[in-house]
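The listed protein sequences derive, respectively, from chains G and C. Using numbering that gives the first Met the number 0, the first residue of the first sequence is number 0, and each one after it goes up by one. Using numbering that gives the first Met the number 0, the first residue of the second sequence is number 0, and each one after it goes up by one. Built from N, CA and C at the ideal position, the CB exists for glycine as well. Okay, so here's the structure we're looking at.
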Amino acid sequence: MLSKFQIFKIGFFDVAPHLLSVIPFGIIFGAIGIELGFDPIMTYATSLIIFGGASQIVFLQLLSGGASSLIAITSVGVINSRHLLYGAVLSRYLDKLSLIKKLFISYFIVDQGFAVSNVYLKKNSEQSFNYYHLMGSGIILWFCWQIATIIGIFLGSIVPEELGLKFAIPLTFIAIIINELRKLDHLIVMIVSGLAAIFFYNAPFKSYILISPIIGLLAAFLILKFKK
Amino acid sequence: MTWTSIFIAGFITYLTRMAMITLIDKDFFNENFRKILNYVPSVVFPSIIFPGIFLDDYGTLVTITDPKIYGALTAVFVGFFSRNVILTIASGLASYWFLIFVF
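Dropping the structure here:
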């Protein structure tokens, strides 16, 4: 039987390759915050308090562009609403935990951590302490995001823009779902949600991030019906 | 004012993270709904991937010659056969940089 620490380490190593995109993205974010005219503490505070990469950038961009707080906050809420789906998926694995542990783990739920830990939890759903995988992946992502933000704040754009490192973000997500490409039903659902995201990209408050997964889930629902 | 906004945005984000985990008990979703939830990664991540490849910074469609498209195709190809996360990301970036800097 694996110990809590061993499972934590597996989580750590499973998510480690994704730091390849998380760290440059964090540095870019820190630099953008300062460029937009926010002070270092405020820029860093968003990493600690909001802790959601894309939403932090949108938040600071909107505020610096003179948008009202209400619009900035709504956009953050909409962008991060995808966590509701992650929570719905993870809830079955975290069911037995105390409320305090649930509240603690919740803070560390991010895209890459959810993706790798979901795979592990699915395979090892009966293992005790399996949620330590989620903590391992989440905490290392959190830690690197904090450090990367600080580096970006103090060193500025040390990541040259010409490198186009923003492109590492879609790549890291491709790596996350690549194994699902082998299944035709998943492939169809991916194409449907991806095209929907492009179609609704200019919808207000970045709501494409909410609309297109819902359209994708509807497609999944139809596929499941059809399969029966 | 900005500080208040940061705290509210952070609180809302935390709510999105904890809501389903703390409020829903195991039997809340029936079997069919759980099957649909299996598709969550396959619906959320393409919603981030597609705009990241096919749209530019201003939200307009890129042309068919855009290096991002070929970087992504390389990553899909390498990832599909290697099943390796680092190789997937690295091959995508390498081919993207090759197209940008060499051509």
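Can you check DSSP and say which residues form a bridge with residue i?
i, result
"residue 61(G)", "Residue 61(G) is not bridged to any residue."
"residue 60(C)", "54(C)"
Listing by chain order, which chain G residues have their CB less than 8 Å from the CB of residue i?
i, result
"residue 13(C)", "105 and 106"
"residue 187(C)", "What is shown of chain C runs 0 to 102, which leaves residue 187(C) out entirely."
"residue 101(C)", "What residue 101(C) touches in chain G: nothing, since even the nearest Cβ is about 13 Å away."
"residue 94(C)", "Ordered by position in chain G, no residue passes the 8 Å Cβ test against residue 94(C), which lies about 10 Å from the chain."
Find the residues of chain G that neighbour residue i, judging by a C-beta separation of less than 9 Å, and give them in chain order.
i, result
"residue 98(C)", "Simply none; closest approach about 10 Å."
"residue 24(C)", "90 and 94"
List, in order along the chain, the chain C residues whose C-beta lies closer than 7 Å to that of residue i?
i, result
"residue 200(G)", "50, 54 and 58"
"residue 188(G)", "38, 41 and 42"
"residue 112(G)", "Residues of chain C passing the Cβ test: none, with the nearest at roughly 11 Å."
"residue 230(G)", "Lying outside 0 to 227, the shown extent of chain G, residue 230(G) is not represented and no answer is given."
"residue 172(G)", "44, 47 and 48"
"residue 84(G)", "39 and 43"
"residue 66(G)", "Those within 7 Å of residue 66(G) in chain C number zero; the least Cβ separation is about 10 Å."
Can you tell which of the options has the C-alpha that lies nearest to the C-alpha of residue i?
i, options, result
"residue 31(G)", "208(G), 154(G) and 132(G)", "154(G)"
"residue 29(G)", "4(G), 15(G), 14(G) and 47(G)", "47(G)"
"residue 87(C)", "56(G), 134(G), 36(G) and 20(G)", "20(G)"
"residue 172(G)", "1(G), 4(G) and 14(G)", "14(G)"
"residue 152(G)", "188(G), 1(G), 23(G) and 7(G)", "23(G)"
"residue 228(G)", "176(G), 9(G) and 119(G)", "In the structure as shown, chain G begins at 0 and stops at 227. Residue 228(G) is therefore absent and cannot be evaluated."
"residue 43(G)", "196(G), 162(G), 150(G) and 160(G)", "150(G)"
"residue 146(G)", "106(G), 25(G) and 2(G)", "25(G)"
"residue 180(G)", "21(C), 13(C) and 40(C)", "40(C)"
"residue 18(C)", "106(G), 54(G), 131(G) and 51(G)", "106(G)"
"residue 116(G)", "101(G), 85(G) and 95(G)", "85(G)"
"residue 0(C)", "118(G), 16(G) and 41(G)", "41(G)"
"residue 36(G)", "12(G), 16(G) and 61(G)", "61(G)"
At 9 Å on the CB atoms, spell out the chain C contacts of residue i, in chain order.
i, result
"residue 101(G)", "17, 20 and 21"
"residue 166(G)", "51, 52, 66, 67, 70, 71, 91, 92 and 95"
"residue 134(G)", "Correct list: empty, because the minimum Cβ distance to chain C is about 13 Å."
List the residues of chain C whose Cβ lies closer than 8 Å to the Cβ of residue i, in chain order.
i, result
"residue 203(G)", "Going along chain C, no residue has its Cβ under 8 Å from residue 203(G), so there is no contact; the nearest lies around 12 Å."
"residue 179(G)", "40 and 41"
"residue 228(G)", "Look at the range of chain G in this structure, 0 to 227, and you will see that residue 228(G) is not part of it."
"residue 76(G)", "8, 11, 12 and 15"
"residue 29(G)", "By Cβ distance, chain C contributes nothing, its closest Cβ being about 15 Å from residue 29(G), past 8 Å."
"residue 35(G)", "Result: empty, since nearest Cβ-Cβ is about 11 Å, beyond 8 Å."
"residue 147(G)", "Correct list: empty, because the minimum Cβ distance to chain C is about 16 Å."
What are the residues of the stretch 35-49 of chain C that lie near chain G, defined by any Cβ-Cβ distance shorter than 7 Å? 35, 36, 38, 39, 40, 41, 42, 43, 44, 45, 46, 47, 48 and 49
Going along the stretch 68-80 of chain C in order, which residues come within less than 8 Å of chain G, judged by CB to CB distance? 70, 71, 74, 75, 78 and 79
Ignoring anything shorter than 4 residues or poking outside the stretch 107-184 of chain G, list the alpha helix (DSSP H) runs there in chain order. 110-122, 131-154 and 167-176
Along the stretch 114-145 of chain G, where does the CB come closer than 7 Å to a CB of chain C? Name the residues. 114 and 117
Which residues of the stretch 42-53 of chain G have a Cβ closer than 9 Å to any Cβ of chain C? Give them in chain order. 44, 45, 47, 48, 49, 50, 51 and 53
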